[in-house]
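Chains as they are written, first to last, in our numbering: chain R, 1 to 408; chain W, 1 to 408.
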DNA sequence: CCTTGAGTAGGAAACTTTCCGACCTACTCG
DNA sequence: CGAGTAGGTCGGAAAGTTTCCTACTCAAGG
């Protein structure tokens, strides 16, 4: 029933302990040997041995000396930044952004361009061009990138390649992954943009220690990035979080509850003329325009409705308002909370504003790419030994796997 | 970020390997040494040593000989059935059932009684009496029970003790866990009944290999048992799956979509007189009664509506129809599927009938109790060595823990 | 019917890997 | 100059593996 045996020869111990050393360094930045010894509980000798090996294999390097204490200076160790380069890409409706980061998370280069409208091949070409540009600026070749993660406004299957319901991609994004990977020859993963925003929220934003939360991303449509037990929940075919189609009393079945289009419609109904953009409507509302405020309130109401529905299904600890409208959290949050309180939801619902600055999708993509690139590099190092721990265990990074956990 | 270091001395290897041996025996029934050797990849010597220790510690025992092959008979090993006794209890609206199982899952004794209506103390007393009765019939004392799991028709917090919104328990079930545990002095866990039905479905029913599924339990109310990644998803405060309150066009906010009460109401509206029970209505429908069929269809429609909403949030692989109405799957399933098809849900939704025979809640409770009792027994055996793997890793059985997985 | 050989189970001894504790040296700040 | 710290080395302990050996059973052949 339980899955992985994880039995092995003594060499397994080396894997385990080296991995522990690696993790401590990874988590707590440059560290001296005595601290690593304390943190891992291993003996000085073992830590020294492990570090020697890890340095020899290129995933750890010395990083100066710690002279704060008296006595001889302790040499510090850190993850070698260049052991894993990662590319994050955000394919939005208007523009495509890319960022190249190293294993430490430092930004090495950024680039952006307008999003092509016609052909998938153009989109793919734009991505590879951005990757090449970033790589050149960082002084490496595109082939040195260990992992690329591309955020797309679409439902992505768990294989990270197949794309469905792509509203904002030419030709529905068919074959996008294949074309990019052929030209770039870098391990590639597509991922839903809202999911990546949720990752960013978890890593850089307001949900650092929260195991279960939902990011509500409002933009052209409404989507939810769902994190359960600290992991993204993608659903059987990647369709989890497509909450834009949740039934709403005032909406026909099969149409979206919320999104740029619906807001425009509501603006028309409210008597606003000139079909302004959502951003403009929110601007007017901030200025005190009654009709714009009515639209804002209707929007808040629908968000509250969706949040309540989600809460009844999975009861997350927290909702976060992100996406294009996340910037309007000042207008929306209070109203959403009022609607939630008024409708007397059976559960208390906490909702806050996004804590991520900048392009959340891009940052999430970069984080995920870095994580995978690094995991790959670490696994390669561990793989030199007979057994390793890279699958099934707590270090499992298989995003596409069946996820057949066994424990209830 | 990553949590558990899992570094350790050589003794750790013993834990790992012994655990691997234990798992193989656990999963594949009585096994000879050569097969264990093959399955774990360990050497003959190590397996022999581990088995010697495990037998000495009482969690494994010899189970005859395998004479199928030629040569000397291989002694078979199995988990010692008596190393962990577990009690499953189902507190229903009408009756309380209990079953005592051993570590192998064999039923040792069963008992049941009427559910008290007035005081929680009576309910608790009934449970302890059933436990004592089972223990006596099995020839042990109640104190030998390693774990008890009690299914209740209520929202249970993740600590397995605090009860909220208990429709079917006296005094809202307050203090139930404390009173039972005081009288019984056995580790106790309360659990939502629908969740336990989902566990049963996963272990004995139609969802054996399915990582993500939702059990729809229709009874007095409507609840969902949600299994994601093979694990029960309980929600932040145990309130996940309270889908009975999902908004429905034809229902006021804050009232339940479905349940015995609503069916009665619909029966009234359909012109059925004499306020028959749901069971009776379904019986009439099977007989061809038009008005009863209308009620059935309305029920199916609402179930379809709820399933569609859930699917948009978490997109499970499969829905299973269980609970009191699971028996009426023959009437409901086709109609539910028709409604789903008609409303053109954005996602394909698979829904099937429960595959569990007997009392699913009771069986789920027994399974979970057995799992935890056994895990506890195993952990105790492993604990004799300096390090063990019982927390954080793939063997984590902490149902109440924070679940702060790190990998996205 | 007996003999013999091949395949299997179980065990013991020698070797290898790995980790730990203890001891030692060198360095630096007070 | 001394106490406290960093880093290295050596021997011992623990665990697993390989190799060799014995004993047992089935099946084929004389």
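Note that beta-carbon positions come from the ideal geometry of N, C-alpha and C, so glycine has one too.
If you're wondering where the values come from, they're calculated on a predicted model, not measured in any experiment.
Residues in its own chain within less than 6 Å of residue i by CB, not counting five upstream and five downstream?
i                      : result
residue 110 of chain W : 99
residue 212 of chain W : 228, 316, 317
residue 195 of chain R : 225, 232
residue 272 of chain W : 291
residue 138 of chain R : 100, 108, 109
residue 197 of chain R : 215, 217, 225, 322, 360, 361, 364
residue 37 of chain R  : 44, 47
residue 112 of chain R : 95, 97
residue 238 of chain R : 155, 156, 157, 158
Considering only the alpha carbon of each residue, which of the options lies closest to residue i?
i                      : options                    : result
residue 224 of chain R : R:9, R:16, R:308           : R:308
residue 339 of chain R : R:305, R:356, R:353, R:205 : R:305
residue 330 of chain R : R:349, R:312, R:8, R:353   : R:353
residue 279 of chain R : R:235, R:11, R:332, R:216  : R:332
residue 91 of chain W  : W:292, W:15, W:131         : W:131
residue 64 of chain R  : R:37, R:14, R:356, R:29    : R:29
residue 156 of chain R : R:174, R:140, R:88, R:146  : R:174
residue 167 of chain W : W:313, W:193, W:380, W:10  : W:193
residue 265 of chain R : R:283, R:245, R:294        : R:294
residue 88 of chain R  : R:32, R:186, R:57, R:56    : R:186
residue 161 of chain W : W:35, W:177, W:282         : W:177
residue 182 of chain R : R:204, R:222, R:125        : R:125
residue 148 of chain R : R:58, R:365, R:382         : R:365
residue 118 of chain R : R:230, R:61, R:60, R:172   : R:172
residue 203 of chain W : W:10, W:379, W:371         : W:371
residue 184 of chain W : W:35, W:165, W:133, W:337  : W:133
residue 33 of chain R  : R:72, R:10, R:15, R:9      : R:72
residue 326 of chain R : R:15, R:222, R:66          : R:222
residue 210 of chain R : W:324, W:208, W:210, W:236 : W:236
Ignore the nearest five residues each way along the sequence and tell me which others in residue i's own chain have a CB closer than 8 Å to its CB.
i                      : result
residue 106 of chain R : 81
residue 40 of chain R  : 17, 20, 21, 24, 47
residue 169 of chain R : 91, 120, 123, 152, 153, 154, 163, 176
residue 275 of chain W : 264, 267, 268
residue 55 of chain R  : 61, 62, 77
How should residue i be labelled, buried or exposed, when 16 other C-beta atoms within 10 angstroms of its C-beta is the threshold for buried?
i                      : result
residue 159 of chain R : exposed
residue 311 of chain R : buried
residue 51 of chain W  : buried
residue 285 of chain W : buried
residue 328 of chain R : buried
residue 299 of chain W : buried
residue 341 of chain W : exposed
residue 69 of chain W  : exposed
residue 230 of chain R : buried
residue 208 of chain R : exposed
Using a Cβ-Cβ cut-off of 7 Å (strictly less than) and excluding sequence neighbours within five positions of residue i, which residues of its own chain qualify?
i                      : result
residue 240 of chain R : 226, 233, 234
residue 53 of chain W  : 18
residue 337 of chain R : 351
Do residue j and residue i have their beta-carbon atoms positioned less than 7 Å apart in this structure?
i                      : j                      : result
residue 190 of chain W : residue 152 of chain W : yes
residue 361 of chain W : residue 206 of chain W : no
residue 291 of chain W : residue 270 of chain W : yes
residue 103 of chain W : residue 83 of chain W  : yes
residue 335 of chain R : residue 297 of chain R : yes
residue 322 of chain W : residue 215 of chain W : yes
residue 180 of chain R : residue 127 of chain R : yes
residue 97 of chain W  : residue 114 of chain W : no
residue 79 of chain R  : residue 144 of chain R : no
residue 313 of chain W : residue 57 of chain W  : no
residue 77 of chain W  : residue 12 of chain W  : no
residue 42 of chain R  : residue 199 of chain R : no
Round the Cβ separation of residue i and residue j to the nearest angstrom and send it over; I've been treating them as touching at under 8 Å.
i                      : j                      : result
residue 356 of chain R : residue 363 of chain R : 6 Å
residue 373 of chain W : residue 86 of chain W  : 4 Å
residue 260 of chain W : residue 281 of chain W : The Cβ separation is near 10 Å, so there is no contact.
residue 220 of chain W : residue 188 of chain W : Residue 220 of chain W to residue 188 of chain W, Cβ: 24 Å. No contact.
residue 247 of chain W : residue 247 of chain R : 7 Å
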